[in-house]
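Written out below as structure tokens is the structure these notes cover.
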Amino acid sequence: MITGSIVALATPMKAAGEIDWEALRRLVNFHLDNGTDAIVAAGTTGEPTTMSFAEHFDVIRTVVEEVAGRIPVIAGTGANATSEAVELARYAKEVGADYCLSVCPYYNKPTQEGLYRHFRAVAEGANLPVILYNVPGRTCSDLYNETVFRLAELDNIVGLKDATGNLERAEELVERLKGSDFMLYSGDDATACDFMLMGGHGDISVTANVAPRAMHELCAAAVAGDVDKAHQINTRLMPLHTVLGVEANPIPVKWALNRMGYAEAGIRLPLTWLSEKYHSTVGEALQLAGVVEA
245 MITGSIVALA TPMKAAGEID WEALRRLVNF HLDNGTDAIV AAGTTGEPTT MSFAEHFDVI
305 RTVVEEVAGR IPVIAGTGAN ATSEAVELAR YAKEVGADYC LSVCPYYNKP TQEGLYRHFR
365 AVAEGANLPV ILYNVPGRTC SDLYNETVFR LAELDNIVGL KDATGNLERA EELVERLKGS
425 DFMLYSGDDA TACDFMLMGG HGDISVTANV APRAMHELCA AAVAGDVDKA HQINTRLMPL
485 HTVLGVEANP IPVKWALNRM GYAEAGIRLP LTWLSEKYHS TVGEALQLAG VVEA
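Position in the sequence shown counted from 1, then plus 244, gives you my numbering.
Structure representation (structure tokens):
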């Protein structure tokens, strides 16, 4: 079971939009050096929906190679076509990823039965442990708790990233799945501390891209039930949690990585570079978190 801070890794790109493979490797090592507990490659923050299949595969492969077994790698393999999600997961297995993260199908708005059958097909076809990913704000597809409980009974479905930010739903998940091996992760940095204190196992985090050491310490404290330490760190990071959502993820976090010197000013359309009016806001939050100097 993976516990702690799991970075939803941004994919560094050059100014013209091509993937910066050297910067990607440097970024992986930044996390290895700063306590990140696992890495998600080509998840939402990694911009896979703007990549070709070959690029998507190569991002996963590059991260797996650079990590070299030192921490787990979770491959982002979600798609709105079930056959494509299975193909991506199979490739992740071939190159040595430890888990796959499969998002609810987006745009086509399946029913709960459709979601159940989609993820069952992924679990049966992937040959790799599957972590479900529910982020209705981006997919217009909400995986209800009752459907999660059905899916948790399948052998190859091992966890859930819940990015709803709804702590009442999280509490029900924790209570109903207590005592099982099913892993529960927050996907919402602003509420992740409370999610973990009530029994969640970790946070698949955007903030961890720029504050990996602090997020590792926060998650370790929260998972261990150290309320005071967890809240102390989370209070310091809260401005960062907030501003990394001022425009669509990963726009703000890619600007922050550029400000820190880890990536060029590269992002792919239809996403655009962070609006100038937010530069000082994000910059000040980085300073408050101790990530950059004033």
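Beta carbons are placed, not taken as given, at the ideal position from N, Cα and C, and that holds for glycine.
Under DSSP, the beta-bridge partners assigned to L404 are L376, L428. With fewer than 16 neighbouring CB atoms inside 10 Å of its own CB, L513 falls in the exposed class. Within the same chain, Cβ atoms closer than 7 Å to the Cβ of V418 are found at L428, M442, G443, G444, the five residues on either side in sequence being excluded. Of the residues T525, C437, G313, K258, the one whose Cα lies closest to the Cα of C463 is C437. Counting C-beta pairs with one atom in each stretch, the segment 508–524 and the segment 454–463 have fewer than three that are closer than 8 Å, which means they do not touch. Here DSSP, grouped into helix, strand and coil, assigns C384 to coil. Following the DSSP letters along the chain, one finds C344 in no alpha helix (DSSP H) but inside the beta strand (DSSP E) bounded by residues 343–347. In the structure shown, I495 adopts helical secondary structure according to DSSP, grouped into three states. Burial state of Y377 is buried, judged by a 10 Å Cβ sphere holding 16 or more other Cβ atoms. Between the segment 308–324 and the segment 282–297 there are three or more inter-stretch CB-CB distances shorter than 8 Å, so the stretches are counted as touching. Its chain contains L518, S519, Y522 as the residues whose beta carbon lies nearer than 8 Å to that of E491, once the 5 sequence neighbours on both sides are disregarded; these appear in chain order. Annotated three-state conformation of S524 is helix, per DSSP. Every beta strand (DSSP E) stretch that sits fully inside the segment 252–338 and reaches 3 residues is listed by chain position as 282–285, 317–320. For G446, the enclosing beta strand (DSSP E) begins and ends at 446–449. In the three-state scheme derived from DSSP, where H, G and I count as helix and E and B as strand, I477 is classed as helix.
Secondary structure note for L515: it is in no alpha helix (DSSP H), with a DSSP letter that is neither H nor E. When DSSP reads this structure, G510 sits in no beta bridge, so it has no partner. The alpha carbon of F426 has as its nearest neighbour, out of F393, A452, D447, the alpha carbon of F393.
Ranked by Cα distance from E390, the options L372, Y360, V379 are led by Y360.
Using a Cβ distance threshold of 8 Å, N400 and A370 count as a contacting pair.
Taking C-beta separations shorter than 8 Å and ignoring five residues to either side along the sequence, the partners of P456 in its chain run S249, V251, F274, H275, N278, G279, T280, following chain order. In the structure shown, the three-state DSSP call for G369 is helix. In the displayed model, G489 falls within coil according to three-state DSSP, outside both helix and strand. Taking 8 Å as the cut-off, the Cβ atoms of T451 and L484 count as close. Here DSSP, grouped into helix, strand and coil, assigns G248 to strand.
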